[in-house]
Structures are given as C-alpha cells and as structure tokens.
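Novice: In the working numbering, the protein residues as written are 0 to 407.
Quick one: structure below, then a few questions.
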Ligand SMILES: Cc1cc2nc3c(=O)[nH]c(=O)nc-3n(C[C@H](O)[C@H](O)[C@H](O)COP(=O)(O)OP(=O)(O)OC[C@H]3O[C@@H](n4cnc5c(N)ncnc54)[C@H](O)[C@@H]3O)c2cc1C
Ligand code: SF4
Ligand code: SF4
C-alpha cells in the first residue's frame, strides 16, 4: 500500500488558546509545545541561522519580505500534474525523492475520504502514492503527530510538506528528533480557517457547493472555482461575499501569523510572485538539490514585478483599523466594486510587487489584531522584521511591544 496507516488523531490535542494543532501536543511529550510553537516566542533570526546558515539580510533585495534565499524563480511543471493545486511542483519534488530512494517516506496531507476539503496527515512511502495528495485542503490537521510513528517505522530519511506554523515547530525540534535526513518543502499560507468554516464560505459562493472541486485566490485578484462538471467560475476579490462572514471567520492564529512565505523551508513553492505561474524560493543547498530533481520537467524564468504597493497597503491598513477586529471590508459603494475589480489586475501590483504587497498587508494585520486582542503577547510573538515591514505605514511598536531583544 502506498499510504501507510498510522493515525495522527490517536492522541487527543492539548487545548491551548493560540494553536493550529500542528500535532506536537499529540506526541509523547506535549510539553515540547513550549519550545516549538510559533505562537509563543519565536526567534526567527536564530532559526533562520540554524536552517540556512544566516538570518535574513534586509540589505539584500526582498529578504526582509520573503526571508533568506539563494534564488527566486517563476516556474511551471510541464505538463502540469492532474489534480494539483497549481502545476504540482510540490508533490512532484516529493515524488522524485521517493523515486530515487532519497527518502523512506513523505509526510503530508491527504484529503479525508468523506470530505475532500479536510486535510488528514499521512506518510506516503511509494512514489505512486503522491498523486492522491495533490491539491489544497482548507483547515488544520496534526501533521507532526506522525513524526514519532515515522521514526518508529524506521523512516529515518523523511521529506515533510508543510505550512509555516507546522514547519516552525518541525525545525525547532529537528535536532532532537534524530532523523538521518530531512527535506522540508514549504508552501506559503495565509487566511486559513477550520474546514467547517470553509464549508460555510463555499455555501456562499455557489448554489451547489458540494460540486466545487477547486478554489484558489489567484494573483490576478480573482478567486477561481472549478466544479465537478468541468465548469470554471472566477469572482473578483472585491465581489466576494465577505460581509456575510462572521468577524471571527479567520482564527486569531491566522490573522496574526508572522511567517507568510515559510522562511524555514528548504524550498518554498507558492504562486504569489508568479504572475499566473508558480513562484519558487530556493533558500539553501538542500532547496537547490530539490529543484534540481525536476531537471527539464520544470520550465523556469525570472520573476517579473510591476506596479506600486504603497497605496494598496495603506488602504488595506485603514480598512483593518475601521473593521475593529472584524473582516476588512472596503469602504466602497457596491456599484464601484465591479469597476475597481476590473481595474486591479491591470494597474495593481503584479509579480513580486504583488507578493510584497500581500506580505506587508499580513504584517499590518498581525500588529492590529494582536494589539487589540492579545496585547501582552506582542513583545514575544511579533518579531523585529514585522515592525520593519509596517514602519513605512506609520505603525511602530510601543515600548511594551518591542521584541525582547530590542526592548530598552
Ligand atoms: C491554507 C493554505 C493557504 C495558502 N495560501 C497561499 C497564498 O496566500 N499564497 C501562495 O502563494 N500560496 C498559498 N498556498 C499554497 C498554494 O495553494 C499551493 O499549495 C502551492 O502553490 C503549491 O502548489 P502545487 O501545485 O505545487 O501543489 P500540489 O502539488 O498540488 O501539492 C499541494 C501540497 O499541499 C499539501 N496541502 C494541501 N492542503 C494542505 C493543508 N491544509 N495543510 C497543509 N498541507 C496541505 C498537500 O498535501 C500537497 O502535498 C496556500 C496553501 C494552503 C494550504
Ligand atoms: S506547537 Fe503546535 S500543537 Fe503545540 S500549541 Fe503550537 S500549534 Fe498547537
Ligand atoms: S495562516 Fe499561519 S497560522 Fe494560519 S494555518 Fe497558515 S501558517 Fe498556520
């Protein structure tokens, strides 16, 4: 069997207020959350140095926004893999690792057999098993609860595909877990919510939400929906029914997450800077080795960058402030929305500038939401690079909020 059966849900999760159930609280030693968790006291400069040999260098173009990297490229797998979220670079890298025997297993998320949108952690041990895990699920599942079962099964050379809060905990514990080799393929992540809430969102987008097979927030300011009869529908962001969602639709974890681009992965596979293609951030030697595995299956080009982000970020920040903790609705009459929705892909930030825009918006959200809801956590949870990202918009840390290493 390609997918082996250990159950990530075998142990209960330890309830914690800021937690995305990455799986550590379900392991033999749940107290490790105190060291591992992104939502307690992350130290990104130290972790970046541990993983990549150096912390991000704000003097190097784009490292303040995207973390340390060797190379950024626009990329497409040719031909694209059926069922993939974009072209399938993420799962193809892992498939190649299994094909050449570089790893014993890949730890990732499969769709729940009873709900295609619900992620379920799995260990894939055969290359042909990777096809079944392609595509995006919405929600959280305890990926790292399968680290101990993986080791117990003798899988000491492992690849992990994870979102940033999972990768942070993995990297914190990597040394003590005792793997012989670990490859980390990360995807960016933002605006995650529970699978239940995601179903509520789908119900607002279509009369027949169960027939939706694919959803993506594209870099051209549209959401793409695909249906099981082959139909494709796109909706401009501005015309999404956001006003019908409850203010706490996105949990505080995801509104205050400080690592959009998965800076501790060996390679980040996303789409934000790709202008319709994928966007790869190769961060270290191991990331270069992973991209090399795709050889001529992947078409690469230089990422583009157009437009100016400052106006869009300023407008977003004003809306977050106005929404007072709820979802940031645009102050715009309904009749203007289609016009602006049509204009945005043409004049708004594109390519790398779009990615920088999204990272800065996320940094603004982090500060505003945490300040309002959990102010005493600010100095531990908000790293210096977030303050640098919001500084151009007049947002600064109060003395009580400054990261501990910088406080007077
Ligand atoms: C909640 C969420 C939000 C995202 N937001 C952004 C974004 O804002 N910008 C951006 O550039 N990219 C984002 N991504 C990543 C993006 O959707 C694609 O996954 C990525 O570009 C890889 O595409 P692919 O075709 O290479 O993936 P595929 O080859 O199809 O592989 C996708 C991989 O992701 C894993 N996966 C799917 N769902 C989950 C989940 N819920 N949790 C953990 N792992 C999962 C699958 O198991 C599979 O291994 C997000 C992903 C998730 C899960
Ligand atoms: S380490 Fe993981 S399981 Fe533990 S509190 Fe943090 S997110 Fe939750
Ligand atoms: S947005 Fe951040 S906290 Fe939420 S699931 Fe994604 S990586 Fe985790």
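Backbone N, C-alpha and C define an ideal beta-carbon position, used for all residues, glycine too.
Determine which residues share a DSSP beta bridge with residue 111 and list them.
Specialist: Looking at the DSSP assignment, residue 111 forms a beta bridge with 114.
Novice: What are the residues that DSSP puts in a beta bridge with residue 223?
Specialist: 215, 233
Novice: Distance check for residue 222 and residue 216, CA to CA, integer angstroms please.
Specialist: 4 Å
Novice: By Cβ distance below 6 Å, which residues in the same chain neighbour residue 193 in space, the five residues on each side in sequence not counted?
Specialist: Cβ within range, chain order: 138.
Novice: Taking the straight line between their C-alpha atoms, what separation do you get for residue 167 and residue 45?
Specialist: 12 Å
Novice: Taking C-beta to C-beta, are residue 140 and residue 112 nearer than 9 Å?
Specialist: no
Novice: Which partner residues does residue 350 have in the DSSP bridge list?
Specialist: 304
Novice: Counting beta carbon pairs with one atom in the region 358 to 373 and one in the region 388 to 398, are three or more of them shorter than 8 Å?
Specialist: yes
Novice: Compare the C-alpha of residue 154 against each of 125, 130, 135 and name the closest.
Specialist: 125
Novice: With distances taken from each beta carbon to the nearest heavy atom of ligand 2, which residues come in below 6 Å, in chain order?
Specialist: 15, 18, 19, 20, 21, 23, 24, 32, 35, 36, 38, 164, 168
Novice: If you follow the beta strand (DSSP E) that residue 266 is in, where does it begin and where does it stop?
Specialist: Annotation: the continuous beta strand (DSSP E) that includes residue 266 extends over 266 to 269.
Novice: Ends of the alpha helix (DSSP H) at residue 277?
Specialist: First-last for residue 277: 277 to 281, but that is the beta strand (DSSP E), not the alpha helix (DSSP H).
Novice: If the criterion is Cβ atoms closer than 9 Å, does the pair residue 350 and residue 269 meet it?
Specialist: no
Novice: Three or more C-beta pairs under 8 Å: does that hold for the region 172 to 181 against the region 230 to 245?
Specialist: no
Novice: Considering only the alpha carbon of each residue, which of 395, 398, 70, 379 lies closest to residue 43?
Specialist: 379
Novice: So which of 219, 169, 399 has the shortest CA-CA distance to residue 265?
Specialist: 169
Novice: Alpha carbon to alpha carbon, how far is residue 32 from residue 24?
Specialist: 6 Å
Novice: Check residue 17 in the structure and name its three-state DSSP category.
Specialist: coil
Novice: Can you name the start and end residues of the beta strand (DSSP E) that residue 77 belongs to?
Specialist: Segment: none, residue 77 is in no beta strand (DSSP E) and carries neither H nor E.
Novice: If you drop the 5 nearest sequence neighbours on each side, which residues of the same chain put their C-beta closer than 6 Å to that of residue 188?
Specialist: 162, 163
Novice: Indicate the three-state DSSP secondary structure (helix, strand or coil) for residue 298 in the structure shown.
Specialist: strand
Novice: Quick one: Cα of residue 287 to Cα of residue 281, how far?
Specialist: Their backbone Cα atoms lie some 6 Å apart in a straight line.
Novice: Start and end of the beta strand (DSSP E) containing residue 161?
Specialist: 156 to 161
Novice: Which value, in whole angstroms, describes the spacing of the CA atoms of residue 95 and residue 80?
Specialist: 13 Å
Novice: Excluding the five sequence neighbours on either side, which residues of its own chain have a C-beta within less than 8 Å of the C-beta of residue 62, listed in chain order?
Specialist: 55, 56, 68
Novice: Distance, Cα to Cα, residue 220 vs residue 301?
Specialist: Between residue 220 and residue 301, the C-alpha separation is close to 21 Å.
Novice: Take residue 71 and list the residues in its own chain whose beta-carbon comes closer than 6 Å to its own, dropping the five residues that flank it on each side.
Specialist: 280, 302
Novice: Would you mind giving the Cβ-Cβ distance between residue 105 and residue 135, rounded to the nearest angstrom? I have them listed as a contact below 8 Å.
Specialist: About 17 Å; that fails the 8 Å criterion.
Novice: Whose CA, out of 289, 109, 40, lies closest to the CA of residue 6?
Specialist: 109
Novice: In whole angstroms, give me the CA-to-CA distance for residue 127 and residue 59.
Specialist: 40 Å
Novice: Would the beta-carbon of residue 190 be found less than 8 Å away from any heavy atom of ligand 3?
Specialist: Result yes, Cβ under 8 Å from ligand 3.
Novice: If we ignore side chains and look at the alpha-carbon of each, how far apart do residue 39 and residue 376 end up?
Specialist: 8 Å
Novice: Check residue 289 in the structure and name its three-state DSSP category.
Specialist: helix
Novice: Measure the C-alpha to C-alpha separation of residue 260 and residue 356 and round it to an integer number of angstroms.
Specialist: Computed Cα separation, rounded: 13 Å.
Novice: Nearest to residue 347 by alpha carbon, out of 320, 366, 312?
Specialist: 312
Novice: Within the present structure, is the beta-carbon of residue 277 separated from the nearest heavy atom of ligand 1 by less than 8 Å?
Specialist: Correct: residue 277 has its Cβ closer than 8 Å to ligand 1.
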